[in-house]
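Residues in the sequence shown are numbered consecutively from 1, following the UniProt record's numbering.
Okay, structure first, notes after.
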Amino acid sequence: MNGLILVPTDNERRLIESSIRIESGQWSVRTIGFGVIAAGIETTRLLLSERPRQVILAGIAGLFAGPNTETLRLGDAIWFDSVAIDGIGVGQGDAFVDAADLGWRAEGEPATTETIRLPTAPQNQASLAQPALLLTVCSGSACEDDAARRRRRVPDAIGEDMEAYAVAHACRSAGLPLRVVRGFSNHVGRRDKRDWQIAPALASVAEQLNQFLDGETP
């Protein structure tokens with residue numbers, strides 16, 4: 001097998017899988033569940049059972065507000081070049097202290113919450129050429145105050161999701177390259193789904209995947 005395309009939920013998977021062009025035996029699309037625990041465990045299981053050469057994580061994400069996201073709109077999809085995690089440490093809200101700031105790390109291991117770098121997308125991709133950090137969280141931002149607090153802690157974050165860091169950690173441990181493409185379905189901290197753009201975001205993800213897959217050499 002050439003590669004795995006991992007998608008958090010069945011709904012995302014149906015919309016993506018029905019819109020991408022993949023050759024039999026080259027790529028498989030699998031659901032890994034949502035949240036860091038399910039995603040990390042299922043990714044590890046699939047890496048062991050299917051032995052891919054490369055992995056793509058695809059799905060939706062929230063879009064942070066800020067000067068580095070002014071060119072992005074709901075419904076856009078981009079490839080991320082790094083992923084970080086927020087929420088591992090002690091305390092809540094303004095009292096939160098990150099695990100790295102507490103000095104928590106296993107002997108000889110990377111810091112628990114260090115940023116993981118990802119392979120860059122091919123030059124012919126249509127996604128915007130800019131640094132793109134995806135922030136993984138255990139619980140999505142419930143309001144704009146939550147979103148602002150996370151941006152203060154991780155000011156370079158462009159998107160918010162609940163799986164990428166766990167998937168990236170599993171792939172790094174297995175020595176496999178991971179690429180991450182996410183479509184922006186909502187603004188981080190805004191929970192009114194009447195304003196969300198899930199279908200356009202996933203259509204943009206499928207478009208990005210097709211460009212990538214069309215450029216792949218079996």
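Glycine included, every Cβ here is placed at the ideal spot set by N, Cα and C.
Note that this is a predicted model, so its numbers are computed, not measured.
Asked, Found
"Three or more C-beta pairs closer than 8 Å, one from the region 16-28 and one from the region 133-153: is that the case here?", "no"
"Could you tell me if R13 is buried or exposed, where buried requires 16 or more neighbouring beta carbons within 10 angstroms of its beta carbon?", "buried"
"Closer than 8 Å by C-beta to A132: which residues in its own chain qualify, once you throw out the five before and the five after it? Chain order, please.", "I78, W79, F80, D81, S82, I158 and G159"
"What residues in its chain sit with their C-beta under 6 Å from that of T44, if we drop five residues either side in the sequence?", "A170"
"Return the first residue and the last residue of the alpha helix (DSSP H) that F96 is part of.", "Where F96 is concerned, there is no enclosing alpha helix (DSSP H), given that its DSSP letter is neither H nor E."
"Tell me whether R179 is buried or exposed, calling it buried when 16 or more other Cβ atoms sit within 10 Å of its Cβ.", "buried"
"State yes or no: is the C-beta of A99 within less than 8 Å of the C-beta of T113?", "yes"
"Shortest alpha-carbon distance to G93 belongs to which of G3, D146, R190 and L118?", "D146"
"Rounded to whole angstroms, what's the CA-CA distance from Q15 to P8? Just pull it up for me.", "Per the sequence presented here, residue 15 reads as Leu, with Gln not at that position. Approximately 12 Å, taken between the alpha carbons."
"Name the residue from A58, P200 and R117 whose alpha carbon lies nearest to the alpha carbon of A84.", "R117"
"Which residue comes first and which comes last in the beta strand (DSSP E) that contains T113?", "Note, T113: premise wrong, no beta strand (DSSP E); not H, not E."
"From A203 to G91, what distance separates their C-alpha atoms?", "38 Å"
"Are the CB atoms of L209 and I20 nearer to each other than 8 Å?", "yes"
"Determine the direct distance from the alpha carbon of L4 to that of G215, and round the result to whole angstroms.", "16 Å"
"Among I60, R194 and H187, whose alpha-carbon lies nearest the alpha-carbon of A206?", "I60"
"S185 by DSSP, collapsed to three states: which one?", "strand"
"Taking the alpha-carbon positions, what's the I56 to V181 distance?", "7 Å"
"Would a C-beta distance cut-off of 8 Å place L72 and F212 closer than the cut-off?", "no"
"Please report the distance separating the alpha-carbon of L6 from that of P52.", "12 Å"
"What would DSSP say about G66, mapped onto helix, strand or coil?", "coil"
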